[in-house]
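Each residue of the sequence shown is one higher than the one before, counting from 1 in the UniProt record's numbering.
No residue lacks a Cβ here, since even glycine has one placed at the ideal position from N, Cα and C.
Source: prediction; values computed, not measured.
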Amino acid sequence: MKLETVLILGTGLVGTSIGLALRQRGVTVLLADRDLGAVRLAREMGAGQEWHSGEQVDLAIIAVPPDHVATELRGLQRREAARFYTDVSSVKAMPIARAVELGCDMGAYVASHPMAGREKAGPGAARADLFLGRPWALCATEATRPEAKRAVLELIELCGANPVEVSAEEHDRAVALVSHAPHVAASAVAARLSDASDVALGLAGQGVRDVTRIAGSDPGLWLGILSGNAAPVAEVLEAVSRDLTEAAAALRALAEGDRSAGPDVTRLLKRGVAGHGRIPGKHGGPAAAYGVVQVVIGDRPGQLARLFQVCDEVGVNVEDVRLEHAPGLPLGLAEVSVQPDAVAVLQEALHERGWQVP
Ligand SMILES: NC(=O)c1ccc[n+]([C@@H]2O[C@H](COP(=O)([O-])OP(=O)(O)OC[C@H]3O[C@@H](n4cnc5c(N)ncnc54)[C@H](O)[C@@H]3O)[C@@H](O)[C@H]2O)c1
Ligand SMILES: O=C(O)C(=O)C[C@]1(C(=O)O)C=C[C@@H](O)C=C1
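Written out as structure tokens, the structure reads:
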């Protein structure tokens with residue numbers, strides 16, 4: 001089948017990103033959310049048009065927190081909103097089991113999960129290229145009709161992602177290891193910073209930013225994700241905490257002059273190198289469809305506005321901007337994401353105008 005119309009229920013980060021990606025491929029996208037402001041913003045960003053109950057689509061994509069997936073699926077199916085249905089929630093066995101309990105049509109529904117996201121919520125954080133080159137899990141069951149699976153495979157292809165067919169249970173065990181437990185570990189590290197001194201924060205470099213980025217995510221959404229996959233996540237965290245306890249004991253022994261504890265620490269670090277080396281593909285960051293221009297900016301009012309003015313003068317669209325600057329220091333670094341062919345144009349324009357472009 002050819003996907004011509006989709007409904008996205010839940011126009012937050014993921015729903016709106018899907019809408020933007022599908023609009024670029026010419027699909028008609030209808031949008032709904034219980035928060036009308038979220039629908040308006042998604043529409044203004046170009047992710048689609050408001051859905052009016054009664055309009056039927058080829059595929060409905062449920063992009064709401066995991067706890068709400070099954071009830072929303074039942075609601076949409078009762079209204080015959082679509083021929084086929086999927087969801088994108090970060091856990092899979094729980095929504096599938098609830099959907100069965102609620103008597104949903106399981107032949108028309110295939111649970112799925114794009115392995116791409118951001119630490120920011122809401123439509124304003126959406127990006128059309130979020131899913132490019134990323135894995136997208138697809139959890140068909142015995143009840144799934146082949147046409148439903150084909151429709152979801154087409155969605156994944158249109159978003160530029162790579163389908164990974166897996167059972168819901170295996171998916172949940174896998175993401176406990178590669179997503180959910182790492183999230184809690186990041187939160188635990190970041191939580192230590194909540195009462196850190198200004199001196200410590202002033203010395204924060206890229207290492208702590210890399211390790212804690214995802215700790216900035218919405219706690220409400222993540223409580224839903226973690227509780228929906230609690231046992232597998234607890235198992236991974238117990239293993240991580242055994243490693244941490246052993247590392248702390250070894251370091252305590254080293255601090256007390258017992259040099260024989262060094263190899264215990266080395267063993268953990270080497271296992272870390274081995275584990276990190278097994279992660280396939282790109283490490284970290286969203287799919288890089290954009291180029292990044294780095295520019296040094298003074299910590300003075302108006303600097304960013306001046307930087308954007310240069311972009312405007314040379315007709316370069318700013319896709320994203322990230323600021324790195326330590327409190328109290330007079331300089332910072334702005335990372336401006338632009339289309340790849342605009343990188344050289346912007347670098348040259350900035351250079352000519354006396355900006356420091358490393
Ligand atoms: N954030 C990520 O990195 C990420 C990545 C992949 C998958 N997911 C999954 O995608 C889903 C959406 O996450 P998000 O990051 O887009 O969250 P978000 O908070 O940005 O958006 C969620 C949206 O759902 C709406 N909503 C909540 N309950 C609703 C309901 N019952 N009916 C209609 N709308 C409802 C909210 O108003 C909000 O606009 C979640 O299931 C999450 O597990 C998230
Ligand atoms: O990169 C991020 O910010 C994410 O939150 C992405 C991430 C992940 O752990 O990879 C988080 C949860 C989602 O279910 C899928 C992807």
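Asked                                                                                                                            : Found
Minimum C-alpha distance to Pro182 - residue among Ala234, Glu157, Ala200                                                        : Ala234
Contact test: Ser187 Cβ vs ligand 1 heavy atom, cutoff 7 Å                                                                       : no
DSSP beta-bridge partners of Gln356                                                                                              : Val296
Contacts around Val69, its chain only, beta-carbon distance under 6 Å, and the 5 residues preceding and following it disregarded : Ile62, Asp87, Ser89, Pro95
Close-in-space but distant-in-sequence residues of the same chain around Ala97 (CB under 7 Å, 5 per side omitted)                : none
Outcome for Ser217 when other beta-carbon atoms lying within 10 angstroms are tallied against a minimum of 16                    : buried
Contact test: Leu307 Cβ vs ligand 1 heavy atom, cutoff 7 Å                                                                       : no
Alpha-carbon spacing of Ser17 relative to Lys270, whole angstroms                                                                : 38 Å
Delimiting residues of the alpha helix (DSSP H) encompassing Pro95                                                               : 93-101
Reduced DSSP category for Arg83 - H, G, I as helix; E, B as strand; rest coil                                                    : strand
Bridge partner(s) assigned by DSSP for Thr28                                                                                     : Thr5
Distance cut-off 7 Å: Met94 Cβ against heavy atoms of ligand 2                                                                   : no
Length of the line joining the Cα atoms of Leu76 and Asn229                                                                      : 25 Å
Classification of Gly58 by the beta-carbon crowding that lies within 10 angstroms, buried from 16 upward                         : Looking at the sequence provided, one finds Asp at residue 58 rather than Gly. It is buried - the Cβ of Asp58 has at least 16 other Cβ atoms within 10 Å.
With 16 other Cβ atoms within 10 Å as the buried cut-off, status of Gly285                                                       : Caution applies to Gly285, whose pLDDT of 43 falls short of 50 and renders its modelled position unreliable; the value that the coordinates give is listed next. Classification for Gly285: exposed.
Residues of its chain near Arg150, where Cβ-Cβ distance is below 8 Å and the 5 sequence neighbours each way are ignored          : Met1
Buried versus exposed call for Gly302 [16 or more other C-beta atoms within 10 Å across all chains shown]                        : exposed
Proximity below 8 Å, CB of Thr5 to CB of Leu30                                                                                   : yes
Cβ-Cβ distance between Ile297 and Ala342 below 8 Å                                                                               : no
Ile279 burial status per 10 Å Cβ neighbour count (16 or more: buried)                                                            : exposed
Distance CB(Ser9)-CB(Ala32) smaller than 8 Å                                                                                     : It should be pointed out that residue 9 corresponds to Leu in this sequence rather than to Ser. Yes, the Cβ-Cβ distance between Leu9 and Ala32 is below 8 Å.
Check: Glu72 C-beta below 7 Å from any heavy atom of ligand 1                                                                    : yes
Gly220 versus Ala121, Leu254, Val336, residue with shortest Cα-Cα distance                                                       : Ala121
First and last residue of the uninterrupted alpha helix (DSSP H) at Glu335                                                       : No alpha helix (DSSP H) contains Glu335, which is instead part of the beta strand (DSSP E) from 331-338.
Exposure of residue 414, with buried meaning 16 or more beta-carbon neighbours within 10 Å                                       : With the chain covering only 1 through 358, there is no way to say anything about residue 414.
Near ligand 1: Thr11 beta-carbon under 7 Å from a heavy atom                                                                     : yes
Distance between Cys311 and Leu350 (C-alpha atoms, nearest Å)                                                                    : 9 Å
Residue interval of the alpha helix (DSSP H) (run including Ala150)                                                              : Sequence check: residue 150 is Arg here, not Ala. Segment 146-158, the alpha helix (DSSP H) holding Arg150.
Stretch-stretch touch, CB-based, cutoff 8 Å, three pairs: the region 192-210 with the region 162-181                             : no
CB contact below 8 Å: Phe84 versus chain B                                                                                       : No chain B appears in this structure, which consists of one protein chain only.
Ala239 - containing beta strand (DSSP E), residue span                                                                           : Run containing Ala239: none in the beta strand (DSSP E); it sits in the alpha helix (DSSP H), 230-255.
Integer-rounded CB distance, given that Leu73 should sit under 8 Å from Ala99                                                    : 5 Å
Touching by the beta-carbon criterion (3+ pairs, under 8 Å), the region 105-119 and the region 154-162                           : yes
DSSP bridge partner residues for His113 (one or two, in chain order)                                                             : Ala137
Three-state secondary structure assigned by DSSP to Ala60                                                                        : strand
beta-carbon Met45 near ligand 2 non-hydrogen atom, thresh 7 Å                                                                    : no
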